[in-house]
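There are 2 protein chains.
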Amino acid sequence: MDDDRTLTASQELSAAIERALAEKDLPAVTAALAPLTADEVITVLERLDAKRRALLYRLLPKTTALEVFEGLDATLQGDLVRGLQDEEVASVFAELDPDDRVALLDELPASVTTRLLHRLSPAERELTAAVLGYPAGSIGRRMSPEYVATRPGTTAGQALERVRARLSDAETVYTLPVLDDRRRLVGIVSLRDLMSADPGTPVGEILHEAYSARATDDAETAARRCADLKLLALPVVDAETRLVGILTVDDALGILEEADSEDQARIGGSEPLRRPYLSTPVRSIVRSRVVWLLVLAVGATLTVQVLEVFEDTLEQMVVLSLFIPLLIGTGGNTGNQAATTLTRALALDDVRPRDILKVLAREVRVGLSLGLLLGAVGFLFASVAYGVPIGTVVGLTLLSICTMAATVGGAMPLIGRTVRVDPAVFSNPFITTFVDATGLLVYFFIARAVLGL
Amino acid sequence: MDDDRTLTASQELSAAIERALAEKDLPAVTAALAPLTADEVITVLERLDAKRRALLYRLLPKTTALEVFEGLDATLQGDLVRGLQDEEVASVFAELDPDDRVALLDELPASVTTRLLHRLSPAERELTAAVLGYPAGSIGRRMSPEYVATRPGTTAGQALERVRARLSDAETVYTLPVLDDRRRLVGIVSLRDLMSADPGTPVGEILHEAYSARATDDAETAARRCADLKLLALPVVDAETRLVGILTVDDALGILEEADSEDQARIGGSEPLRRPYLSTPVRSIVRSRVVWLLVLAVGATLTVQVLEVFEDTLEQMVVLSLFIPLLIGTGGNTGNQAATTLTRALALDDVRPRDILKVLAREVRVGLSLGLLLGAVGFLFASVAYGVPIGTVVGLTLLSICTMAATVGGAMPLIGRTVRVDPAVFSNPFITTFVDATGLLVYFFIARAVLGL
Chain A
589 MDDDRTLTAS QELSAAIERA LAEKDLPAVT AALAPLTADE VITVLERLDA
639 KRRALLYRLL PKTTALEVFE GLDATLQGDL VRGLQDEEVA SVFAELDPDD
689 RVALLDELPA SVTTRLLHRL SPAERELTAA VLGYPAGSIG RRMSPEYVAT
739 RPGTTAGQAL ERVRARLSDA ETVYTLPVLD DRRRLVGIVS LRDLMSADPG
789 TPVGEILHEA YSARATDDAE TAARRCADLK LLALPVVDAE TRLVGILTVD
839 DALGILEEAD SEDQARIGGS EPLRRPYLST PVRSIVRSRV VWLLVLAVGA
889 TLTVQVLEVF EDTLEQMVVL SLFIPLLIGT GGNTGNQAAT TLTRALALDD
939 VRPRDILKVL AREVRVGLSL GLLLGAVGFL FASVAYGVPI GTVVGLTLLS
989 ICTMAATVGG AMPLIGRTVR VDPAVFSNPF ITTFVDATGL LVYFFIARAV
1039 LGL
Chain B
589 MDDDRTLTAS QELSAAIERA LAEKDLPAVT AALAPLTADE VITVLERLDA
639 KRRALLYRLL PKTTALEVFE GLDATLQGDL VRGLQDEEVA SVFAELDPDD
689 RVALLDELPA SVTTRLLHRL SPAERELTAA VLGYPAGSIG RRMSPEYVAT
739 RPGTTAGQAL ERVRARLSDA ETVYTLPVLD DRRRLVGIVS LRDLMSADPG
789 TPVGEILHEA YSARATDDAE TAARRCADLK LLALPVVDAE TRLVGILTVD
839 DALGILEEAD SEDQARIGGS EPLRRPYLST PVRSIVRSRV VWLLVLAVGA
889 TLTVQVLEVF EDTLEQMVVL SLFIPLLIGT GGNTGNQAAT TLTRALALDD
939 VRPRDILKVL AREVRVGLSL GLLLGAVGFL FASVAYGVPI GTVVGLTLLS
989 ICTMAATVGG AMPLIGRTVR VDPAVFSNPF ITTFVDATGL LVYFFIARAV
1039 LGL
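Taken in sequence, the protein lines are chains A and B. Positions in the first sequence are counted from 1; adding 588 to them yields the numbering used here. Positions in the second sequence are counted from 1; adding 588 to them yields the numbering used here.
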């Protein structure tokens, strides 16, 4: 009876997995798996071939997955790990869209993760990280599983022995994560600490509190954290703070270098080049710049429309057109100053999105001060050259534009962060277009009011 | 007779140093010292008080300084080192202007340097670095003298013993510079290498080639080097490649963080804030931005002057003014894209100033391609809205402006580097102003030609 049920379930599952492999209908497999106990799953697994076994195993919830893994014999454990490393299996998970990935793939138990990532090349690791469900760009795909861990009860001398045994293959031996019995990160100890301590001292007495990153965290964020804290290595953990890997400062620096290149390019309004400048084909350079340039140019047609509205005013007073580049240029500069300052403050964690009201209050004051200064200079300059009425218009416009530009420029990066757009992308080009168009509106409204046009 | 001469020399020197302390006329001391042998200098030194002795000693040429130091007895050596660490003595050298410093202060022998910097706090080190003649902003002022060095003939086991003895006070024990008998850097060995090797292996057999920085190098350049090479520590040497200190990756990261904040601020056209944004007074924020804003605004008056020249043309065809923001905006964007790409390429050493012709050739082609694309779009857009003649003007202007802006934008950072201005400062604001003014010139020349005005 029981055997019958298992057999039927197994047949259904085999059929479901057949379909899943053909149609990639993973939710059906998950549904079929839901009612089974760990023992039942093991019975099913034992009857499948390596690839299907891996696929099915990966769709188990974390707790079941741990129980199942521990229930398998050592040979089958090894087979399963190799199956999960298989390129074909990986490709099934790599092609999942991010939402499905979150819905379908629970974390694997840390013990399985560690075995899965062990002794892989970085390229193989990147592939396998997709199986683990770590999203593209996450630190889970860049961390190394070749850490040397120790336990609080281990003595410094024993830990040193462990370091000696791993000298040739560990990513770093200078920073040792300290784990409890359930692989949870409880602290960190440096090789220097271990060498300084009496050999009999338990690691638990000399460990330090550990900073860490989540495997699903953005790689750049984790790398920045490692660099900002000036650590030689940052442990990477899963949702239950179980250790799954380590990020060394040299890898962190590599990640930051890539990220900085991208940010710089985007601040300048182009897509990053993937190769050194002189060996990138002109065609690729053009491609990296043309989209942004077109988008910004289309945005700039807004200025044409604004000016068209005021074409009559311009006809009456052509002199007003002389100040257009100066006024919108100053607005753009003021906006970019504020945006750059706040983008940097965000990156350094000096400011968070919830500080937006404080930032607005400060930037209004900064903008007003700058506007008063520049407005006064502009008033004098334009009054001398074109008379006091024009001077008044120019002065008042500078005052308004500076205040508006500083406020908008300061707020943009925070808004960008809130809606999860890279602040560097969101801010400068947007600000320039926005400030150009609204600046012209302000200019002509002031001109009409002051000059009575 | 000999005694007489020495006595006279001594009296002259004492008088000269008296004056030097009062008037800071150090060249006079240098001149008085020039004819003396090392033994004679020692005789003179022994008769002076501690501060004068330090002052005088520091003005000796390097070779004499080494001979003199080795000729002094141990007590006097210690006194001399303490004298050189004296705040009053340091202030004499700190106030030298950079040219005088280069002219007057030869390097100190590395053996003296090391003793001088030993066990000082970072603040004291910074002060003493002025005595050493390292210019402000150089890595000599930021490096740590607390390295653990070893020699090629030392065994791995002996080197490990040395590491153990220095665990509590060395800046790093993970990277050991390897020095020859004359303190010259001949390689580097990691703690990991030492632990992996058989204890009897000489360090000379397991050392690696060492990268290093000169103590007078710019701190940011040295830090960038350490980060780019992904080293845990970079040895710092004097002109004769003798080791004087070490830069660890955590200190390098601190230096880069400061430098990046400055660069970011300057790209955005403001001076860096020295404090977190929210705790910087509004007054200071205004001050950090106002100077650049004024400079750029004054630069932008160029556009007013250009437009004034073409005021008649504008009166005849007010419609031309509608495109001013779009045209100069696109020029600015194109220029900034090129400038940002080349600034980054310079920072990554993908491009050097001598590649300028290659860069120009590429950017002309990139600019032409972008100009053809945007010009075609602009032609269509403006032709539909304002007729083919205006469309032709807008299209041709976009073609010209994009070509010019990409070329100028690409060349600026290289020129900036050549004339030793930070490329980040030189490029974007300059380009915008330049492209705005010349873009308008091009626009109106094309308009006159095409429209027959």
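Each residue gets a CB set at the ideal place from its N, CA and C atoms; glycine is no exception.
Per DSSP, reduced to three states, the secondary structure at residue 823 of chain A is strand.
For residue 633 of chain A, no beta strand (DSSP E) run applies; the uninterrupted alpha helix (DSSP H) run containing it begins and ends at 626-635, by DSSP.
Identification of residues in the segment 934-954 of chain A having a C-beta nearer than 7 angstroms to some C-beta of chain B yields 938, 939, 943, 946, 950, 953 and 954, given in sequence order.
Closest in alpha carbon position to residue 767 of chain A, among A:746, A:795 and A:779, is A:795. The segment 709-796 of chain A is shown to contain whole alpha helix (DSSP H) runs of 4 or more residues at 710-720, 744-753, 779-784 and 791-794, in chain order. Straight through space, the alpha carbons of residue 987 of chain B and residue 905 of chain A are spaced by roughly 30 angstroms.
For residue 734 of chain B, not one C-beta of chain A is nearer than 7 angstroms to its own C-beta. Contact note: residue 1031 of chain A does not reach chain B at a C-beta cutoff of 8 angstroms; the least C-beta distance is about 11 angstroms. Residue 902 of chain A sits away from residue 1035 of chain A, with the two beta carbons spaced by 7 angstroms or more. With contacts defined by Cβ atoms closer than 7 angstroms, residue 1039 of chain A and residue 1001 of chain A do not form a contacting pair.
DSSP, read as helix, strand or coil, puts residue 980 of chain B in helix. Here the alpha carbons of residue 1027 of chain A and residue 948 of chain A stand approximately 19 angstroms from one another. The CB of residue 818 of chain A comes closer than 7 angstroms to the CB of 838, 841 and 842 in chain B, given here in chain order.
Following the DSSP letters along the chain, one finds residue 705 of chain B inside the alpha helix (DSSP H) bounded by residues 698-705. Near chain A, meaning a CB-to-CB distance below 7 angstroms, the residues of the segment 897-923 of chain B are 899, 902, 903, 906, 909, 910, 911, 912, 913, 914, 916, 917, 918, 921 and 922. Note: residue 834 of chain B is bridge-paired with B:732 and B:823 in the DSSP secondary-structure output. Unbroken alpha helix (DSSP H) stretches of 4 residues or longer found wholly inside the segment 921-1007 of chain A: 944-974 and 976-1006, given in chain order. In the DSSP assignment, residue 1024 of chain B falls within the alpha helix (DSSP H) that extends over 1016-1039. At a beta-carbon threshold of 7 angstroms, the residues of chain B lying near residue 783 of chain A are 752 and 755, ordered along the chain.
With fewer than 16 other Cβ atoms from the protein chains shown falling within 10 Å of its own Cβ, residue 897 of chain A counts as exposed. The residue among B:789, B:785, B:799 and B:746 with its C-alpha nearest the C-alpha of residue 765 of chain B is B:799.
Comparing C-alpha distances from residue 695 of chain B to each of B:881, B:645 and B:661 shows the shortest one belongs to B:645. Here residue 798 of chain A carries a coil assignment [DSSP, helix/strand/coil]. For residue 857 of chain B, a Cβ of chain A is located within less than 7 angstroms of the residue's own Cβ. Nearest CB-CB separation between residue 870 of chain B and chain A: below the 7 angstroms threshold. Residue 806 of chain B is bridged by DSSP to B:726. With a cutoff of 7 angstroms on beta-carbon distance, residue 797 of chain B and residue 847 of chain B are scored as not near each other. Between the segment 682-689 of chain A and the segment 647-661 of chain A, the count of C-beta pairs closer than 8 angstroms stays below three; the two stretches do not touch. Counting along the chain, residue 885 of chain B sits inside the alpha helix (DSSP H) bounded by residues 870-897.
Residue environment: residue 760 of chain A is assigned as buried (16 or more neighbouring CB atoms within 10 Å of its CB, all protein chains considered). For residue 1024 of chain A, the number of other beta carbons within 10 angstroms of its own is at least 16, and it is reported as buried.
Interface with chain B (7 angstroms Cβ-Cβ cutoff): residue 957 of chain A is included. Straight across, the Cα-Cα distance linking residue 705 of chain B with residue 733 of chain B is about 6 angstroms.
For residue 802 of chain A, the closest C-alpha among the options A:829, A:885 and A:778 is that of A:829.
Taking 7 angstroms as the cut-off, the beta carbon of residue 993 of chain B is found no closer than this to the beta carbon of residue 979 of chain B. Annotated three-state conformation of residue 841 of chain B is helix, per DSSP.
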